[in-house]
Amino acid sequence: MKAKAEFSSVFFRWLNYIALALFAAATVFPFINIIATSFSGSRAISGGEVFLWPVDFNLDAYRNLFDDGQLVVAMKNTVFITVAGTAFNMLFTVLCAYPLSKSRLRGRNAILMAVLFTMLFGGGMIPHFLLINALGLVNTYWALWLPALISVYNMFVMKSFFEGLPEEVEESAAIDGANELTILWRIILPLSMPVIAALTLFYAVGWWNSYMNVLIYIQSTDKMSLMVRLYQMIEMVSPELLKSGEGVGQISITPEGIRAASIVFSITPILCVYPFLQKHFVKGVMLGSVKG
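Under our numbering, think of the first position of the sequence shown as -6, with each following residue one higher.
(1) Roughly how many angstroms lie between the CA atoms of A107 and A141, to the nearest whole one?
(2) Count the C-beta pairs between the segment 28 to 43 and the segment 181 to 195 that are closer than 8 Å, then say yes if the count reaches three, no if not.
(3) With DSSP collapsed to three states, give me the class of Q212.
(4) P262 by DSSP, collapsed to three states: which one?
(5) When we look at the beta-carbon of G265 and count the other beta-carbons within 10 Å, is it buried (16 or more) or exposed?
(6) Could you give the C-beta distance for S255 and I211, rounded to a whole number, given that I count them as a contact under 8 Å?
(7) Can you tell me where the alpha helix (DSSP H) with N126 in it begins and where it stops?
(8) Can at least three beta-carbon pairs, one atom from the segment 52 to 67 and one from the segment 120 to 133, be found at a separation below 8 Å?
(9) Return the first residue and the last residue of the alpha helix (DSSP H) that E163 is part of.
(10) Of the choices Y224, P268 and G129, whose alpha-carbon is the least far from that of A67?
(11) Terminal residues of the continuous alpha helix (DSSP H) containing R36?
(12) Alpha carbons only, please: which of P262, W200 and G250 is nearest the one belonging to I28?
(13) Contact check, S35 vs P47 under 8 Å by CB: the rounded distance?
Here you go:
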């Protein structure tokens, strides 16, 4: 009986390993294929010969992306939008979540209901644009940052995390003479690094991939984000132009190669940051959600 139970346990464990390996392969394979495509020649891409490694290795697709220098400007704009937007998000999310995590706050339930209402109902795109236009924010980055200062979902995750911290820590700091801001800055935030890291990654990825709001509110080409600029470049590289060699400096490339190089270029910075935050990512979200 014991031997049968051990066999079942081992069989189930190996079954889990195989299933997870298959899921991991299904997730990683498209990304590896895109990287291989971005470094492959047009003949191999058109013939469907690219699988897990580059065929006819060349960097023409990347050279085309950087040819006019506008991609570098778009990258700088995206970094600025992401860093400033994430900083604003974290500042206002903390300042909103901390007082709402305290039961002694007067009108707490009414404020929570008002905040929750904004999560369920919205005015729509046209009223939103009219409001931004009336405020004179069109073609400025404030049109992106101000309407998105707080994500209600992320605020509730942080609020739940704050509620799980022991009140005795705050009470002992208050007895020593610390005010609310000192307690928040010196006590609460150092204890909340996992959820701060997780929400920072959420916000940063959102800003990095922002596309529609930039397309609507930013009109100057000098302020375009990377995603919008990449889309415009891909649209400009038509198959006819590539076939004739016009407009791309007589370079032998394909639309698939340009798209693959654009994807690799756009996600590489986030992939470089993610490993440093990954250990906090799961822990922070789980703590914030379970204790809610």
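Each residue gets a CB set at the ideal place from its N, CA and C atoms; glycine is no exception.
So, to answer that:
(1) The straight-line gap from Cα to Cα measures roughly 16 Å.
(2) The segment 28 to 43, when compared against the segment 181 to 195, does not touch it at the 8 Å Cβ threshold.
(3) Residue state, collapsed to three classes: coil.
(4) Collapsing the DSSP output to three states places P262 in a helix.
(5) First, the amino acid is wrong: residue 265 is Cys here, not Gly. Its Cβ having fewer than 16 others within 10 Å, C265 is exposed.
(6) Between I211 and S255 the Cβ distance is about 19 Å, and since that is not below 8 Å, they are no contact.
(7) Segment M118 to A127, the alpha helix (DSSP H) holding N126.
(8) The count of Cβ pairs closer than 8 Å, one atom from the segment 52 to 67 and one from the segment 120 to 133, stays below three, leaving the stretches out of contact.
(9) That run of the alpha helix (DSSP H) goes E160 to I168.
(10) Of the listed residues, the one whose Cα sits closest to A67 is Y224.
(11) In the DSSP assignment, R36 falls within the unbroken alpha helix (DSSP H) covering S35 to S39.
(12) Taking only the C-alpha atoms, the option nearest I28 is G250.
(13) The pair is not a contact, with the Cβ atoms about 12 Å apart (cut-off 8 Å).
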